[in-house]
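In this note's numbering, the protein residues as written are 5 to 161.
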């Protein structure tokens, strides 16, 4: 099951949250802010940031992402900036995975919470990474370091 987060559905996902200062809620607030910047609704993003993101600014563990989100406003082309990673699909995937895990953890039928925290794909990617690092170590740390994008694009290894 994959929840795909879009600009319009973020509000409904946020409404499902019981603790508006949880890490999951924080990620949803950040993603809503990011989506507003993505579509050029900068005034609304500023207003939204003041009301929703401001309360996380001083909380440990949240400050860096809040700063990166707000920094998107400083660039004419934020997707080309150092914080442009927030506008990539991978950021949406992180938020969707977090929401999915939260939903699964709240399922009363789930007894093993560790199963929910990692998808099969994530487990495979972790194994691939570990295998490539072990191969490099066995070769006397010779050769290139492991880069997932390179491996996925080359089709070998």
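Glycine residues also receive a C-beta, built at the ideal position from the N, C-alpha and C atoms.
Whole-angstrom Cβ separation of residue i and residue j, contact assumed at under 8 Å?
i	j	result
residue 154	residue 147	About 12 Å separates the two Cβ atoms, so there is no contact after all.
residue 99	residue 32	7 Å
Nearest CA to the CA of residue i: which residue from the options?
i	options	result
residue 82	71, 26, 131 and 42	42
residue 65	131, 26, 48 and 86	26
residue 28	54, 104 and 129	104
residue 48	72, 58 and 37	37
residue 39	95, 101 and 136	95
residue 44	72, 80 and 133	80
residue 78	46, 142 and 138	46
Return the first residue and the last residue of the alpha helix (DSSP H) that residue i is part of.
i	result
residue 78	Segment: none, residue 78 is in no alpha helix (DSSP H) and carries neither H nor E.
residue 93	93-109
residue 89	Run containing residue 89: none; DSSP gives neither H nor E here.
residue 63	Where residue 63 is concerned, there is no enclosing alpha helix (DSSP H), given that its DSSP letter is neither H nor E.
residue 47	46-52
residue 143	Segment: none, residue 143 is in no alpha helix (DSSP H) and carries neither H nor E.
residue 28	27-42
Excluding the five sequence neighbours on either side, which residues of its own chain have a C-beta within less than 7 Å of the C-beta of residue i, listed in chain order?
i	result
residue 30	60 and 66
residue 69	34
residue 91	38, 42, 82 and 83
Beta-carbon within less than 6 Å of residue i's beta-carbon, same chain only, minus the 5 sequence neighbours each way: which residues are those?
i	result
residue 87	72, 75 and 76
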